[in-house]
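For reference, the structure is listed below as structure tokens.
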Amino acid sequence: MVTDSYDGFKVGVPSGWDVSSLQGLIGVTANAAGTKGALLYPALLSRGVTAQGLFTAFMSYEQRVLRKEGETLTYSERPGAEPIGSFEVREGGTVLAGRATVLVLPLRTAATTQVGVAFAYWAPEAQLAAAAPTLAEIGRCYQPERAALFQLFRKVGPFTFIMPSGWRVSGLSQNYIQLNGFGSGAGVDYELWGPFEQGVNATQPITSTGSAIGYMFNLYGIKVTQVLAGYALPEQPNPTGGFQATEYMEFIRTLNGKTTHGFVNMVASINGPSASGVIRLGLASPALWNSVNGGLLQMMGSIQHNFSGDLQQIAQINRQWQDFSGQVAARSGPRP
Numbered sequence: 004m005v006t007d008s009y010d011g012f013k014v015g016v017p018s019g020w021d022v023s024s025l026q027g028l029i030g031v032t033a034n035a036a037g038t039k040g041a042l043l044y045p046a047l048l049s050r051g052v053t054a055q056g057l058f059t060a061f062m063s064y065e066q067r068v069l070r071k072e073g074e075t076l077t078y079s080e081r082p083g084a085e086p087i088g089s090f091e092v093r094e095g096g097t098v099l100a101g102r103a104t105v106l107v108l109p110l111r112t113a114a115t116t117q118v119g120v121a122f123a124y125w126a127p128e129a130q131l132a133a134a135a136p137t138l139a140e141i142g143r144c145y146q147p148e149r150a151a152l153f154q155l156f157r158k159v160g161p162f163t164f165i166m167p168s169g170w171r172v173s174g175l176s177q178n179y180i181q182l183n184g185f186g187s188g189a190g191v192d193y194e195l196w197g198p199f200e201q202g203v204n205a206t207q208p209i210t211s212t213g214s215a216i217g218y219m220f221n222l223y224g225i226k227v228t229q230v231l232a233g234y235a236l237p238e239q240p241n242p243t244g245g246f247q248a249t250e251y252m253e254f255i256r257t258l259n260g261k262t263t264h265g266f267v268n269m270v271a272s273i274n275g276p277s278a279s280g281v282i283r284l285g286l287a288s289p290a291l292w293n294s295v296n297g298g299l300l301q302m303m304g305s306i307q308h309n310f311s312g313d314l315q316q317i318a319q320i321n322r323q324w325q326d327f328s329g330q331v332a333a334r335s336g337p338r339p
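Read left to right, the sequence shown gives residues 4 to 339 (the working numbering).
Structure below.
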């Protein structure tokens, strides 16, 4: 069982599996490829919202998302107070099979007394029967919990951000901020970097988000030992003739002999030999990762960098982060 006190839930998690949460979606997966796992989406059953309506909306949404990725999701359902259904996801010759339902749980709020949890689980077609009892238990263990409040901090140096109780600002400069919690067992970094140019103030060229991540990680002393997931948005042209690119990566790293789980979001603006941008980094020890990564993403996305001369660039980068986080959430479903 994993308790996430930042997003406010408990969920069943088999040993060695990972939990991620973003924009209301909770994913529990057995491997980085996501070929076996479960997805939960809780929603208040307030006036006009039914379990059946939630089921249909959830499955239709996943169908549209996977279609954009070149995959096909087909499903059938048996309507009812707690609708159930089965589905398949196909990409080429790969087939994932799954089951879906809506769990209705008590939850007293000002708006309603029930919460519906759209719940789907999947595995390779030949493995589903054997895996189903474990996968179904993930949903049966789900419980909403009271979430910790984030405090808004304004004008800490040039930064505005949110941070929960027990965290602190451990590093601050004009272009950099670091937040730490759990006795430095988890942290968030933000840096406006560059402009860098090889032979002037950089030792290697930066021509892409991947090379920007590699260059900044080298400066930080971070060695990536495993890339778990990655996603890059299409490059966008700059008015000056260069381009801007955005990349997201989840990884395992080592630093000073210790293993850490992390997210990085890199936005790079590249104009010929010159490159600059923003890096956002969230890190936690493996023991903390499942319970805090949703909170790390909230803090990473909240950081606003405000100072004269760079407002337009920072506003654009922050808007891109919000758009990008939606892309990542959309990719939290089954992956063949």
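Backbone N, C-alpha and C fix where the C-beta goes; we use that ideal spot for every residue, glycine too.
If you look at N274, you'll find it in the beta strand (DSSP E) that goes K261 to N274.
Contact between G160 and L175 is confirmed by a C-beta separation of about 5 Å, below the 8 Å threshold. In the structure shown, L48 falls within a coil segment according to DSSP collapsed to helix, strand and coil. In terms of CA proximity to I165, D192 leads the group A139, D192 and Q117. When the Cα atoms are used, E85 and I141 turn out to be separated by approximately 17 Å.
Cβ contact annotation for F122 (same chain, cutoff 6 Å, sequence separation greater than five): L43, T104, L106 and G142, in chain order. In the structure shown, the three-state DSSP call for M4 is coil.
Only residues of its own chain outside the window of five on either side were considered, and among them L231 and A232 have a CB closer than 7 Å to the CB of A35, listed in chain order. In the assembly as shown, V31 is a buried residue. Its beta-carbon has 16 or more other beta-carbons within 10 Å.
Residues E238, Q239, P240 and I273 of the same chain have their beta carbon placed closer than 7 Å to that of F246, with the five preceding and five following residues left out of the count. Shown here for G197: same chain residues with a beta carbon closer than 7 Å to its own, the five before and five after excluded, namely A278, S279 and G280 in chain order. The three-state reading of DSSP puts I306 in coil, since its state is none of H, G, I, E or B. For the pair S18 and M62, the Cα-to-Cα distance works out to about 28 Å. E194 and Y179 do touch by the CB rule: their CB atoms are close to 5 Å apart, below 8 Å. Nearest C-alpha to T116 among S305, R157 and A46: A46. Here Q229 has I255 as same chain residues with Cβ atoms under 6 Å from its own Cβ, once five neighbours each way along the sequence are excluded. Between the C-alpha atoms of V5 and V14 there is a straight-line separation of about 6 Å. Pairing E94 with L76 gives a Cβ-Cβ distance that is not under 8 Å.
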